[in-house]
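Have a look at the structure below before the remarks.
Residue numbers (the working numbering): 33 to 184.
Next up, the structure:
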């Protein structure tokens with residue numbers, strides 16, 4: 033992992049541009065429009081993106097985090113299974129010696145319970161994600177992630 037980013041879990045993130053960000057969907061999610069949109073936004077802020085696309089197996093995500101020398105992992109979910117696939121994936125990432133400290137973000141439709149999806153935020157944070165964004169929440173949202181990318 034390169035040294036473009038310094039991070040202490042649940043603390044302030046300091047970015048020295050540009051970052052190399054791995055963007056992916058979860059293994060059960062076939063949506064791609066969200067990934068294209070997020071890629072364009074991230075690139076707009078001066079960072080490079082490796083986009084693995086939809087239905088990406090966990091092992092392929094971890095392999096690319098290592099082989100591509102990724103600074104940050106961003107996972108997008110639209111199908112409502114983000115909390116299930118995300119929990120499984122982050123456990124594997126945190127258990128691997130080469131990815132255990134990688135800043136990892138997940139967002140989108142984490143479940144199918146609407147406003148009840150808020151329960152998944154704390155769960156996913158406790159499993160090891162550095163930030164969790166649910167599309168049903170006001171306030172701390174994807175806008176915060178974008179603000180993070182523009183901070184210096």
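Just so you know, even glycine gets a beta-carbon here, dropped at the ideal spot from N, CA and C.
Would you kindly report the start and end of the unbroken beta strand (DSSP E) that includes residue i?
| i | result |
| --- | --- |
| residue 166 | 163-166 |
| residue 136 | 136-140 |
| residue 83 | 80-83 |
| residue 107 | 104-109 |
Whose C-beta lies closer than 7 angstroms to the C-beta of residue i among residues of the same chain, with five residues either side of it excluded?
| i | result |
| --- | --- |
| residue 157 | 164 |
| residue 144 | 112 |
| residue 128 | 94 |
| residue 64 | 85 and 86 |
Quick check: what's the CA-CA separation for residue i versus residue j?
| i | j | result |
| --- | --- | --- |
| residue 73 | residue 81 | 10 angstroms |
| residue 91 | residue 150 | 28 angstroms |
| residue 58 | residue 121 | 9 angstroms |
| residue 130 | residue 98 | 7 angstroms |
Taking 8 angstroms as the threshold (beta carbon to beta carbon), is residue i in contact with chain D?
| i | result |
| --- | --- |
| residue 142 | Included in the structure is just one protein chain, with no chain D present. |
Between which two residues does the alpha helix (DSSP H) containing residue i stretch?
| i | result |
| --- | --- |
| residue 55 | From DSSP, residue 55 is part of no alpha helix (DSSP H) but of the beta strand (DSSP E) over 52-57. |
| residue 130 | Neither: residue 130 is in no alpha helix (DSSP H) and is coded neither H nor E. |
| residue 101 | Segment: none, residue 101 is in no alpha helix (DSSP H) and carries neither H nor E. |
| residue 152 | 150-159 |
Enumerate in chain order the residues of its own chain whose CB-to-CB distance from residue i is below 8 angstroms, with the five nearest sequence positions on each side excluded.
| i | result |
| --- | --- |
| residue 155 | 115 and 119 |
| residue 100 | 52, 54 and 82 |
| residue 50 | 36, 78, 79 and 80 |
Taking 7 angstroms as the cut-off, is the CB of residue i close to at least one heavy atom of the ligand NAD?
| i | result |
| --- | --- |
| residue 93 | Among the components of this structure there are no ligands whatsoever, and the ligand NAD is therefore not found. |
Compute the beta-carbon to beta-carbon distance between residue i and residue j, rounded to the nearest angstrom, for a pair I have assumed lies under 8 angstroms.
| i | j | result |
| --- | --- | --- |
| residue 93 | residue 134 | That belief does not hold up - the Cβ atoms of residue 93 and residue 134 are roughly 11 angstroms apart, past 8 angstroms. |
| residue 168 | residue 138 | Not confirmed; about 14 angstroms, so no contact. |
| residue 166 | residue 142 | 5 angstroms |
Short of 6 angstroms in beta carbon distance, which residues of its chain neighbour residue i, apart from the five on each side in sequence? Order them along the chain.
| i | result |
| --- | --- |
| residue 126 | 132 and 160 |
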